[in-house]
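Protein chains: 4
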Amino acid sequence: MQRDLTSLYAKSPETKNLTEKQMKVLNAAIDLFAKKGYANTSTKEIATAAAVSEGSIFKHFTSKRGLLSTILRPLTDSLLPDILHEFSRKTLLTAYPSLHDFIQTIILDRIRFLEDNILVVKIFLNEVLYDSNVRADLIKAFPAEFIQDFNNEISQMKERKIIVNWPNQQVIRFLASSLAGYVVEHYIFFPEQQWNRKLELAHLIDFIEKGLSPR
Amino acid sequence: MQRDLTSLYAKSPETKNLTEKQMKVLNAAIDLFAKKGYANTSTKEIATAAAVSEGSIFKHFTSKRGLLSTILRPLTDSLLPDILHEFSRKTLLTAYPSLHDFIQTIILDRIRFLEDNILVVKIFLNEVLYDSNVRADLIKAFPAEFIQDFNNEISQMKERKIIVNWPNQQVIRFLASSLAGYVVEHYIFFPEQQWNRKLELAHLIDFIEKGLSPR
Amino acid sequence: MQRDLTSLYAKSPETKNLTEKQMKVLNAAIDLFAKKGYANTSTKEIATAAAVSEGSIFKHFTSKRGLLSTILRPLTDSLLPDILHEFSRKTLLTAYPSLHDFIQTIILDRIRFLEDNILVVKIFLNEVLYDSNVRADLIKAFPAEFIQDFNNEISQMKERKIIVNWPNQQVIRFLASSLAGYVVEHYIFFPEQQWNRKLELAHLIDFIEKGLSPR
Amino acid sequence: MQRDLTSLYAKSPETKNLTEKQMKVLNAAIDLFAKKGYANTSTKEIATAAAVSEGSIFKHFTSKRGLLSTILRPLTDSLLPDILHEFSRKTLLTAYPSLHDFIQTIILDRIRFLEDNILVVKIFLNEVLYDSNVRADLIKAFPAEFIQDFNNEISQMKERKIIVNWPNQQVIRFLASSLAGYVVEHYIFFPEQQWNRKLELAHLIDFIEKGLSPR
DNA sequence: GATGAATGAGATTTCATTCAT
DNA sequence: GATGAATGAAATCTCATTCAT
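Residue numbers (UniProt numbering), protein chains in the order written: chain A, 1 to 215; chain B, 1 to 215; chain C, 1 to 215; chain D, 1 to 215.
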């Protein structure tokens, strides 16, 4: 299901030297954690799915928990910061973007990332609900710099009256929840269903854009 | 956190005759399942939190799974259908409602329900992700009749051009995800934070309304 | 082998309410730890020897380590302090005892304790070598009050010139090592061999007494 | 801590041709076995401490048990016999030694050996308690010839009335336990503490000498 | 010879569930 | 009905040992 594991794990110093078997463990764990949940997946199942001995999992990943960390770390440690940084750079380069440009940049940028790593994101979302460590990692992953940039951007648009004058936290939530809805529907609830990606993304952007425009 | 457990469990024939101890078990289980997740909560913890013996849990609820079912059943078996029916009745009575009325009715109606039962809803959402039985229950909870009514409503508004001409599934998703964003932010992610409920709900309705209006 | 387990564990609030099965676990663990060493004994062996399920061990004693602690705690927490206190009382009541009386009191007092609890003592000695926690417990078990009394006693005898004028630590070591030699030989190295207890203890006291007398 | 490993392992045909890596393994194993106990030390720890691969340990020493044997064998196979033989030769050459000479010879002779090899001795003592093979090796290490000589020596002194008329086994035990007390206190219990070696040994010899003298 | 990934047997531990009191 | 000791199946984890490179 995972489109391209390498993209996510080939960069981190911790995971780039994985042997073939270790990679198989990682893949199997991601699939099973995403399908059944971390707590409902036994290391024995992972070992069987990866065609590896149970001991091998612990040899390299130390513990079941350590395996989960290895899976989630790239998300908060490098990928998310990278994307945020890239986003800052892009939007800031474009002086005076329209609300449409702004939203389109965010949506298309983020969607790609979410779609590419939907399994890991699903695992992540679930753990965020119950694991305060993961929650802390998530918060750390949003660097102050980015939040600053983002707030500036929105504030500017407020001044230019091209966006509603609501608190930034709300604006972000409307953006995020609409985006999440798209992902959850197509990748988690109805992964079998076909859909017209281009058209739906256009609607999504249109919905947010109108919703956030001042009356 | 749970506002009024009785409201949810006093009606069902299965749970209305619970003894005080059984009620304590139910409460403890809801708190723990919501905080730590079903799979990460042991029956021993529930027993301790409820100040009853471990055996007592099994006496009445048969199994840990049975306890979960007892917690979730009212959601899909009575409460959800009730609300849906109530919703049908209300909106249909109002001929030619505006998009604003429509959305406001839905949002205020649903929000109250979600807010009142946030813990149970959180447990439910998590199990829906991983448990196909719960998923099936959820689907059964939306009776064809309601879906028909709802679709009729939207179709009428489309004809009157007061709503975008997008597939109903998308319209519903935009509604649901915006609503979910509000609940997740205030009840799951930042339950400690204070907020101006009235104002935020007004923004929420405004956002959806503008987003779903045709250009 | 253990003469009277009850004497050691019937008093502690932690162990006095043990069920029959828990008592069997405690006995089996003491026997096996003493015979094979803590690290070389598996909880499965203990369960089998006690005719109990492995789970039962953990239900009550929490962990293998916890079982060891339960076995050793009475030694340092109540028994050793009790004996030391009793010793202080006895020797101090006897004004101006001879060196012979002093040594005899110590030896006979301690020997009985060691003989009664030889298995537990053996386990204790072994853990003392490798476990800093156990070592700390041992040091705590010698209350300052007792050490004071003991030192006073020896100092008085030094003044009366009935004991060698060596540092107290050395005096104590000669006492302790001679005593330990007796116990180790008869209870650990050659437990099968018969011996004339009375005569040997007389020799032991005589040896120490002469050894500690000034020339 | 170990003063001079080479002295112990350079002679044995089995260990004199060790490569540098193998020597590092031997050293690391001795340190760890002495500090944490054989059973509590993993081959992985030894490999890490010796900065070699885990495989290397097995290449040369066959098994963890084999490593222990290699460490302990010189003690019982060559060193102990050597010392005993040397002791026989020395004491027997001196006709009619005094009790003082006798004890001094033993103590100074043995102490040096124990002090030089305290780590190995500690490992040895522990295994003796739990491993019947090691125990058998120890017994074999005391050749009948030596025991004969030693007994003769004591018997002669008994005839000359310069030593107590107690069974030889007891005499030996008083000697051994006093000696062991010195070693255990200074090398195992309080290895950090400084002490006046010369003076303490004089007291030790004095204590034993007086203790074993007839009244 | 050296390495360290991989193994599998077994150790510790957890936990839902049963059942005698 | 209520209790909590006891169970046993399964989960996590450890570790000596093997073996391909």
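Ideal Cβ placement from N, Cα and C applies to all residues, glycine included. On a predicted model such as this, the values are computed, not experimentally measured, just so you know.
Cβ neighbours of residue 161 of chain A within its own chain (closer than 8 angstroms, five residues either side excluded): 214. In the three-state DSSP reduction, residue 27 of chain C falls in the helix class (H, G or I). Per DSSP, residue 37 of chain B lies in no alpha helix (DSSP H) and is assigned neither H nor E. According to the DSSP assignment, residue 151 of chain B belongs to the alpha helix (DSSP H) that extends over 144 to 159. For the stretch 107 to 137 of chain B, the set of residues with a beta-carbon nearer than 8 angstroms to any beta-carbon of chain A comprises 122, 126, 129 and 130, in chain order. The Cβ-Cβ distance between residue 121 of chain A and residue 30 of chain A does not fall below 8 angstroms.
Annotation for residue 157 of chain C: 99, 102 and 163 place their beta carbon closer than 8 angstroms to its own, counting only its chain and skipping 5 residues before and after.
Near chain B, meaning a CB-to-CB distance below 7 angstroms, the residues of the stretch 161 to 181 of chain A are 166, 170, 173, 174, 176, 177, 178, 180 and 181. Among the residues of the stretch 34 to 50 of chain D, those with a Cβ less than 7 angstroms away from any Cβ of chain C are 36, 37, 39 and 40, in the order of the chain. Close partners of residue 213 of chain B in chain A (Cβ separation under 7 angstroms): 210. Counting only runs of 4+ residues, the alpha helix (DSSP H) found wholly inside the stretch 71 to 96 of chain C occupies 80 to 93, in chain order. A check of alpha carbon separations from residue 19 of chain B across B/61, B/69 and B/192 identifies B/61 as the nearest.
The stretch 187 to 206 of chain C and the stretch 105 to 120 of chain C touch, with no fewer than 3 CB-CB distances between them shorter than 8 angstroms.
Within chain C, the residues 129 have their CB atoms less than 8 angstroms from the CB of residue 188 of chain D, given in chain order. Distances from the CA of residue 210 of chain B to each of B/139, B/171 and B/48 were compared; the closest alpha carbon is that of B/171. Comparing alpha carbon positions, the residue from A/174, A/28 and A/9 closest to residue 205 of chain A is A/174.
By the rule that beta-carbons nearer than 8 angstroms mark a contact, residue 142 of chain A does not touch chain B.
The beta carbon of residue 200 of chain A falls within 8 angstroms of a beta carbon belonging to chain B, placing the residue at that interface. With fewer than 16 other CB atoms across the displayed protein chains lying within 10 angstroms of its CB, residue 94 of chain B is exposed. Boundaries of the alpha helix (DSSP H) harbouring residue 206 of chain C: 197 to 212, taken from the DSSP string.
Residue 131 of chain D carries a coil assignment under DSSP once its states are collapsed to helix, strand and coil. Nearest in C-alpha terms to residue 79 of chain A, of all of A/137, A/26, A/47 and A/28, is A/137. Taking 8 angstroms as the CB threshold, residue 102 of chain D stays off the interface with chain C.
In this structure, the straight-line span from the alpha carbon of residue 152 of chain D to that of residue 128 of chain D is close to 28 angstroms. Against chain C, the CB of residue 207 of chain D has a partner CB under 8 angstroms away; the residue lies at that interface.
The beta carbon of residue 11 of chain C sits closer than 8 angstroms to the beta carbons of 74 and 78 from its chain, once the five residues preceding and following it are set aside; these are given in chain order. Secondary structure of residue 14 of chain C (DSSP, three-state): coil.
Straight-line spacing of the CA atoms in residue 159 of chain B and residue 148 of chain B works out to 16 angstroms. Residues of chain C with a Cβ closer than 7 angstroms to the Cβ of residue 185 of chain D are, in chain order, 173.
DSSP places residue 104 of chain A in the helix class (H, G or I) of the three-state scheme. If you draw a straight line from the Cα of residue 150 of chain D to the Cα of residue 89 of chain D, it is about 11 angstroms long.
Against residue 203 of chain B, the close residues of chain A are 166 and 170, in the order they occur along the chain (beta-carbon pairs closer than 7 angstroms). Approximately 4 angstroms separates the beta-carbon atoms of residue 49 of chain D and residue 28 of chain D; this is inside 8 angstroms, confirming the contact. In the structure shown, residue 165 of chain D adopts coil according to DSSP, grouped into three states. For residue 48 of chain B, the enclosing alpha helix (DSSP H) starts and ends at 43 to 50.
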